[in-house]
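Note sheet for the following structure.
In UniProt numbering, the protein residues as written are 1 to 262.
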């Protein structure tokens, strides 16, 4: 069985805004999840200060949930430069939360990995690089936009890090559904990026064109199952699709069990 994280938005963005993340740790634990993904975009600024994040992390740990810190900030800015400010802020927030994983978007990576600076910032901030360190592990996620959502950017990044002697300093969150927004084949991406994947976001995609949206997968969702077969089986899987609010507890428990065994 794979470990399963519930992404906060699965309980509904409005629910998280109204109640805060901690209030949903009990339904997450009740559903059988092992982890909870905290979303920066679903909290007020006051909830993202170190003291508040420490309290939130304590509340989640009390329910037996390890934590993922997710920020919409990007590792590389629009000009392709390493965004050290965003990286430092993400790691600091993750450390305050007690997160195992800190997730950023890739952003405007354009071929230059800035490997020496990346390693220096990771080490200075206490992040885990490969097997070194006991801090949070930094991963980059494929997003829904052209920038930060193209397979060539991710293969380019990991190749550049390897060529710079910095292979393995960061990993990847592989979002199975997000590839469909910029028109990338999820299975081709899975085959190419599997060695770098350390966390998987799972969802189906409904709709067409710009009107796509995340949806719960059917039990026989062939794209999701085929992608999971190509990706590492030992890494955690995150539920990033909405639960049915009319049967929230039962829906959450069903998908935690299903995804853990898929």
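Just so you know, even glycine gets a beta-carbon here, dropped at the ideal spot from N, CA and C.
Taking the CB atoms as reference points, tell me whether residue 200 and residue 165 lie closer together than 8 Å.
As a working note, residue 200 is residue 200 in the chain shown. As a working note, residue 165 is residue 165 in the chain shown. Contact: no.
Cα separation between residue 105 and residue 176?
By one-based count along the chain shown, residue 105 stands at place 105. By one-based count along the chain shown, residue 176 stands at place 176. The straight-line gap separating the alpha-carbon atoms of residue 105 and residue 176 is approximately 15 Å.
Throw me the rounded Cβ distance for the residue 187 and residue 250 pair, which I believe falls under 8 Å.
Within the chain shown, numbered from 1, the residue matching residue 187 stands at position 187. Within the chain shown, numbered from 1, the residue matching residue 250 stands at position 250. Actually they do not touch by this definition, with Cβ atoms about 31 Å apart.
Taking a contact to mean a Cβ-Cβ separation below 8 Å, would you say residue 267 touches residue 139 in this structure?
There is simply no residue 267 to check, as the chain begins at 1 and stops at 262 in what is shown.
Sequence ranges, beta strand (DSSP E) only - wholly within the region 115-171, length at least 3:
Within the region 115-171, the complete beta strand (DSSP E) runs of at least 3 residues fall at 137-141.
Beta-carbon proximity of residue 15 to residue 38, cut-off 8 Å:
Taking the first residue of the chain shown as 1, we reach residue 15 at position 15. Taking the first residue of the chain shown as 1, we reach residue 38 at position 38. For the pair residue 15 and residue 38, the CB atoms are not nearer than the 8 Å cut-off.
Cβ separation of residue 23 and residue 256, assumed to be a contact under 8 Å, to the nearest whole Å
As a working mapping, residue 23 is identified with position 23 in the chain shown. As a working mapping, residue 256 is identified with position 256 in the chain shown. Approximately 18 Å separates the beta-carbon atoms of residue 23 and residue 256; this is outside 8 Å, ruling out the contact.
Tell me the start and end of each unbroken alpha helix (DSSP H) in the region 163-237 that is at least 4 residues and wholly inside, in chain order.
Taking only runs of at least 4 residues, the alpha helix (DSSP H) segments lying wholly in the region 163-237 are 186-193, 222-230.
Going by the DSSP bridge assignment, what does residue 4 pair with across the sheet?
One-based indexing of the chain shown puts residue 4 at position 4. DSSP, once it has assigned bridges, lists 237 as partnering residue 4.
Tell me whether the beta-carbon of residue 224 lies closer than 8 Å to the beta-carbon of residue 204.
In the chain shown, counting from the first residue as 1, residue 224 sits at position 224. In the chain shown, counting from the first residue as 1, residue 204 sits at position 204. Yes; because the gap between Cβ atoms is below 8 Å, this pair is in contact.
Taking the straight line between their C-alpha atoms, what separation do you get for residue 178 and residue 194?
Within the chain shown, residue 178 is the residue found at index 178, counting from 1. Within the chain shown, residue 194 is the residue found at index 194, counting from 1. Here the alpha carbons of residue 194 and residue 178 stand approximately 16 Å from one another.
What runs of the beta strand (DSSP E), each 3 residues or longer, lie entirely inside the region 4-37?
Qualifying beta strand (DSSP E) stretches, in chain order: 4-7.
Note the first and the last residue of the continuous alpha helix (DSSP H) segment covering residue 42.
For this step, residue 42 is matched to residue 42 along the chain shown. Careful: residue 42 lies outside any alpha helix (DSSP H) and carries neither H nor E.
Does chain B have any CB closer than 8 Å to the CB of residue 198?
Given the protein chain composition of this structure (a single chain), no chain B is represented.
Note down the Cα distance separating residue 21 from residue 96, rounded to an integer number of angstroms.
Here residue 21 is taken as the residue at index 21 of the chain shown, counted from 1. Here residue 96 is taken as the residue at index 96 of the chain shown, counted from 1. Whole-angstrom Cα-Cα distance: 15 Å.
Just the C-alpha distance for residue 192 and residue 155, rounded to the nearest angstrom, thanks.
Here the question's residue 192 lines up with position 192 in the chain shown. Here the question's residue 155 lines up with position 155 in the chain shown. Using only the alpha carbons, I get a separation of about 7 Å.
On the criterion of 16 or more Cβ atoms from any shown chain inside 10 Å, does residue 137 qualify as buried, or is it exposed?
Residue 137 sits at position 137 when you count from the first residue of the chain shown. Buried, because 16 or more other Cβ atoms sit within 10 Å of the Cβ of residue 137.
So for residue 256, helix, strand or coil by DSSP?
Position 256 of the chain shown, counted from the start, is the residue given in the question as residue 256. Correct three-state label for residue 256: helix.
Roughly how many angstroms lie between the CA atoms of residue 209 and residue 68, to the nearest whole one?
Walking along the chain shown from the start, residue 209 turns up at place 209. Walking along the chain shown from the start, residue 68 turns up at place 68. Spanning the two alpha carbons is a distance of roughly 30 Å.
Give me, in chain order, the residues of the same chain whose beta-carbon lies closer than 6 Å to that of residue 269; leave out the 5 immediate sequence neighbours on both sides.
Absent from the structure is residue 269, since the part of the chain shown begins at 1 and ends at 262.
For my contact list, residue 241 and residue 196 are in at a C-beta cut-off of 8 Å; report their separation, rounded to the angstrom.
Here residue 241 corresponds to residue number 241 of the chain shown, with the count starting at 1. Here residue 196 corresponds to residue number 196 of the chain shown, with the count starting at 1. Residue 241 to residue 196, Cβ: 24 Å. No contact.
Inter-residue Cα distance where the pair is residue 26 and residue 63
For the purposes of this step, residue 26 is taken as residue 26 along the chain shown, with counting starting at 1. For the purposes of this step, residue 63 is taken as residue 63 along the chain shown, with counting starting at 1. One C-alpha to the other measures close to 7 Å.
Between 108, 60, 51, 2, which has its C-alpha nearest residue 8's C-alpha?
Position 8 of the chain shown holds residue 8. Looking only at 108, 60, 51, 2, the smallest Cα-Cα distance to residue 8 is reached by 60.
Should residue 128 be labelled buried (16 or more other beta-carbon atoms within 10 Å of its own) or exposed?
On the chain shown, position 128 is the one that residue 128 refers to. Buried, since its Cβ has 16 or more Cβ neighbours within 10 Å.
Taking Cβ positions, are residue 146 and residue 103 nearer each other than 8 Å?
As a working note, residue 146 is residue 146 in the chain shown. As a working note, residue 103 is residue 103 in the chain shown. With a cutoff of 8 Å on beta-carbon distance, residue 146 and residue 103 are scored as not near each other.
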